[in-house]
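In what follows, a structure is listed as structure tokens, so that the remarks can point back to it.
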Amino acid sequence: AAAHAQAVRARAQRGTVDQIAGILDRMGATERGLFAQRQAQTRRRTLITEETLAGGGVLAFLVAGLALVTIRRDFAGRRRAEAALRALNSELESRVAQRTAELARVNESLAQSERRFRALVNATSDVVYQMSPDWSEMRYLQGRNFVADQTDPSRTWLDK
Numbered sequence: 035a036a037a038h039a040q041a042v043r044a045r046a047q048r049g050t051v052d053q054i055a056g057i058l059d060r061m062g063a064t065e066r067g068l069f070a071q072r073q074a075q076t077r078r079r080t081l082i083t084e085e086t087l088a089g090g091g092v093l094a095f096l097v098a099g100l101a102l103v104t105i106r107r108d109f110a111g112r113r114r115a116e117a118a119l120r121a122l123n124s125e126l127e128s129r130v131a132q133r134t135a136e137l138a139r140v141n142e143s144l145a146q147s148e149r150r151f152r153a154l155v156n157a158t159s160d161v162v163y164q165m166s167p168d169w170s171e172m173r174y175l176q177g178r179n180f181v182a183d184q185t186d187p188s189r190t191w192l193d194k
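The numbering of the sequence shown is the working numbering, which starts it at 35 and goes up by one.
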């Protein structure tokens, strides 16, 4: 009976050990399954992270390239605008020089005409009369004493 009790106890212990071993096996299997899931999740997240980084790098290069193209266009446009401004400035300087030369010629011609007129008036001993454009007033210029036009027009010149 003692041997039998010992055999029952050994069998009960073996059953308990077998139960514990079964529980440990299930726990191990569950843990391995969870570990495999976590590894798969980690691989997916790593892949997503790598793809995001690669896409971000490509996008950064595209943005940098676009910025470079835009800057070059801006510089090219600025150079064209500067060239056009220089051309217009040169043309304006040329026009100013032409106009200045033309004004100098006209002024010289006017001065020469005035000298001839003064010489004519100073050479004559008679009185020279000048009419207003509408013929309503007469001014006279004294021959040799001519300095400037008479400022006091004579409205009664016909009466004299």
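Quick reminder that beta carbons are idealized off the backbone N, C-alpha and C, glycines included.
If you're wondering where the values come from, they're calculated on a predicted model, not measured in any experiment.
Q: Just the C-alpha distance for G91 and V103, rounded to the nearest angstrom, thanks.
A: In this structure, the straight-line span from the alpha carbon of G91 to that of V103 is close to 18 Å.
Q: Output the boundary residues of the alpha helix (DSSP H) element that contains A136.
A: Looking at the sequence shown, residue 136 is not Ala but Glu. Where E136 is concerned, the enclosing alpha helix (DSSP H) stretches over 36–157.
(Q) Between the alpha carbons of A115 and Q132, how many angstroms are there, rounded? (A) The straight-line gap from Cα to Cα measures roughly 25 Å.
Q.
Rounded to whole angstroms, what is the Cα-Cα separation between V140 and R150?
A. So the alpha carbons of these two residues sit roughly 15 Å apart.
Q: Alpha carbon to alpha carbon, how far is L96 from E136? Give it in angstroms, no decimals.
A: So the two alpha carbons sit approximately 59 Å from each other.
Q) If we ignore side chains and look at the alpha-carbon of each, how far apart do A37 and Q75 end up? A) Their Cα atoms are separated by approximately 55 Å.
Q: Work out the CA separation of A39 and A70 for me, nearest whole Å.
A: Note on geometry: alpha-carbon atoms of A70 and A39 lie some 45 Å from one another.
Q) If you draw a straight line from the C-alpha of A44 to the C-alpha of G62, how long is it? A) Straight-line Cα distance between these residues: approximately 26 Å.
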